[in-house]
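All you need for my numbering is the position in the sequence shown, starting with 1, plus 164.
Cβ coordinates follow ideal geometry from the N, Cα and C atoms, glycine included.
Below is one structure, written out as structure tokens, with a few remarks after it.
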Amino acid sequence: MSVKRVLRNTIRKEKEENRVTEPLTETPELSAKYAWFFDLDGTLAEIKPHPDQVVVPDNILQGLQLLATASDGALALISGRSMVELDALAKPYRFPLAGVHGAERRDINGKTHIVHLPDAIARDISVQLHTVIAQYPGAELEAKGMAFALHYRQAPQHEDALMTLAQRITQIWPQMALQQGKCVVEIKPRGTSKGEAIAAFMQEAPFIGRTPVFLGDDLTDESGFAVVNRLGGMSVKIGTGATQASWRLAGVPDVWSWLEMITTALQQKRENNRSDDYESFSRSI
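As structure tokens, then:
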């Protein structure tokens, strides 16, 4: 049974309802037809109070590597984190990446594609944000070079104030745009998005010509879902909430279970191939 068929059987297709997925009960047979894209926080790893506390389990990383190998390398992480952070979380593996919501990207050959923000603008924005955010205890400013994140997970009462601050920044510097997320509002270069990053990957080997599959959990992933839908792929929303995605999994543990099914299928396929090779060799001597 194909991956697409398994998803149809095990993930409820729902665009406006918030029902959870059915239990995963079937093992997919993988083909080499898919290009895999995964968000990290809230998809491959549980969200934590602070980003530094997030860890991707070793078995999940191993499963991603196995899936990448089986797909000729057509697997990428698509995140709001920087590529440096993504590499650290994915150690010892090195995947193609899109960081800072597509403002930076590394292709399969290791070539980086980065949207640069002029130093003077980055400095002026940073100064303004540092000055104002100090008025909101519990809020945190994360500077990402060409982008800035205002976190309020520990101070949700400041959400409106931080949104107003971010809007003011984009009015002063119209080349910057807002991106809302879970307990965060980000200020990033206009025209960058996870969707644009996925579209760029899909024009390059080994992704080109494959059916894209993208799993994500946040508002920041919606542009990715839109691109994947347009390309006839499979968009999978993790968790509740309105979405453009065509499919849904209930949470991170469900993603892990789904990946474990795929990993098991890949390992079984590899063992079967070895057995067939041995039998062929035995008959030839």
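Item, Value
"Cα-Cα separation between N436 and T334, rounded to whole angstroms", "57 Å"
"CA-to-CA distance, G302 to Q321, given in whole angstroms", "10 Å"
"L423, DSSP secondary structure in three states", "helix"
"DSSP bridge partner residues for W200 (one or two, in chain order)", "L239, V377"
"Among L231, G373, I285, the one whose alpha carbon lies nearest that of P338", "I285"
"Cβ-Cβ separation, A232 to L239 (assumed contact under 8 Å), whole Å", "4 Å"
"Check whether V400 and G359 have beta carbons under 8 Å apart", "no"
"The beta strand (DSSP E) enclosing L293, as first and last residue numbers", "First-last for L293: 283-297, but that is the alpha helix (DSSP H), not the beta strand (DSSP E)."
"Beta strand (DSSP E) segment containing F259, residue limits", "First-last for F259: undefined, no H or E at that position."
"Residue interval of the beta strand (DSSP E) (run including T384)", "Run containing T384: none; DSSP gives neither H nor E here."
"Whole-angstrom C-beta distance between G263 and L250, which should lie under 8 Å", "6 Å"
"Contact set for Q431: own chain, Cβ-Cβ below 7 Å, skip 5 residues either direction", "none"
"Range covered by the alpha helix (DSSP H) that runs through A361", "358-365"
"P213 versus A341, A319, V419, F259, residue with shortest Cα-Cα distance", "A319"
"Contacting residues, own chain, Cβ-Cβ under 7 Å from I362 (five flanking each side not counted)", "F201, I242, P376, F378, G388, V391, V392"
"Close-in-space but distant-in-sequence residues of the same chain around L326 (CB under 8 Å, 5 per side omitted)", "I297, Y300, A303, L314, Y316, V349"
"Span of the beta strand (DSSP E) around M310", "No beta strand (DSSP E) holds M310; DSSP gives it neither H nor E."
"Beta-carbon gap between L204 and R245 smaller than 8 Å", "yes"
"Beta carbon of P417 nearer than 8 Å to that of D236", "no"
"Cβ neighbour criterion (16 or more within 10 Å) applied to R354", "exposed"
"Neighbourhood of K433 by C-beta distance below 6 Å, restricted to the same chain and skipping five residues each side", "none"
"Option nearest G397 by Cα separation, candidates F312, M366, G415", "M366"
"Neighbour-count burial assignment, V219, 16 or more Cβ in a 10 Å radius", "exposed"
"Exposure of Q217, with buried meaning 16 or more beta-carbon neighbours within 10 Å", "exposed"
"Burial state of I372, where buried means 16 or more other Cβ atoms lie within 10 Å", "exposed"
"Local conformation of L188 per DSSP, three classes", "For L188, the predicted structure reports a pLDDT of 34, less than 50, and the residue's modelled location is therefore unreliable. A value from the coordinates is still provided. Note: L188 maps to coil in three-state DSSP."
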